[in-house]
Structures are given as structure tokens and as C-alpha cells.
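Its first residue numbered 631, the sequence shown is counted upward by one per residue in this note's numbering. Ideal placement from N, C-alpha and C gives every residue a C-beta, glycine not left out.
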Amino acid sequence: MDLLRDDGFTTLISWVFEGDEVTRSFLGSAGWAPDGTARTLDMGEPVRQIRLHTDISAAPDETGS
631 MDLLRDDGFT
641 TLISWVFEGD
651 EVTRSFLGSA
661 GWAPDGTART
671 LDMGEPVRQI
681 RLHTDISAAP
691 DETGS
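Pasting the structure below:
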């Protein structure tokens, strides 16, 4: 995170399979949240993904966390 922040990044995104509750729960516990965007991939059958994002603009010690 520090390297990304030092390079000027403020937001990260990740695409997650909609039905992957384990990954969604893990990322959610780390501050990631859906941003309302979704897509459907053709993997022999349609598979839906949702986009998650998180704000890294402030280091944890700057937010009181």
C-alpha cells in the first residue's frame, strides 16, 4: 500500500466473482466495498463479477485506525 500511495494512487479496485462469498467477506473485512459496477464474463457460461474498491489515500495512522 505504501508504494502505491507513494506513486500517487488513491483508490484500488478488484473484480470478484459475485458468488465468491469467502473472497468478498475477506476483502470487506479489509475495507473493500462494492461500487455498484458489475460485468458478465463468458466462461463457457455467463459468470457475473462485481467490482470492489478501497480508498488508500491516507495511511492507517493518519485515519486513527
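* Whole alpha helix (DSSP H) elements within the segment 633-676, 4-residue minimum -> 651-659
* **Reduced DSSP secondary structure (H/G/I, E/B, other) of I680** => As a first step, residue 680 must be located in the sequence shown, where it is residue number 50. I680 falls in the strand class under three-state DSSP.
* To do: Assuming L682 and V652 form a contact by the criterion Cβ under 8 angstroms, report the distance between their Cβ atoms to the nearest whole angstrom.
  => Mapped onto the sequence shown, residue 682 falls at position 52. Mapped onto the sequence shown, residue 652 falls at position 22. That pair is no contact at about 14 angstroms.
* Asked: How many angstroms separate the CA atom of D650 from the CA atom of D632?
  -> One-based indexing of the sequence shown puts residue 650 at position 20. One-based indexing of the sequence shown puts residue 632 at position 2. Straight-line Cα distance between these residues: approximately 28 angstroms.
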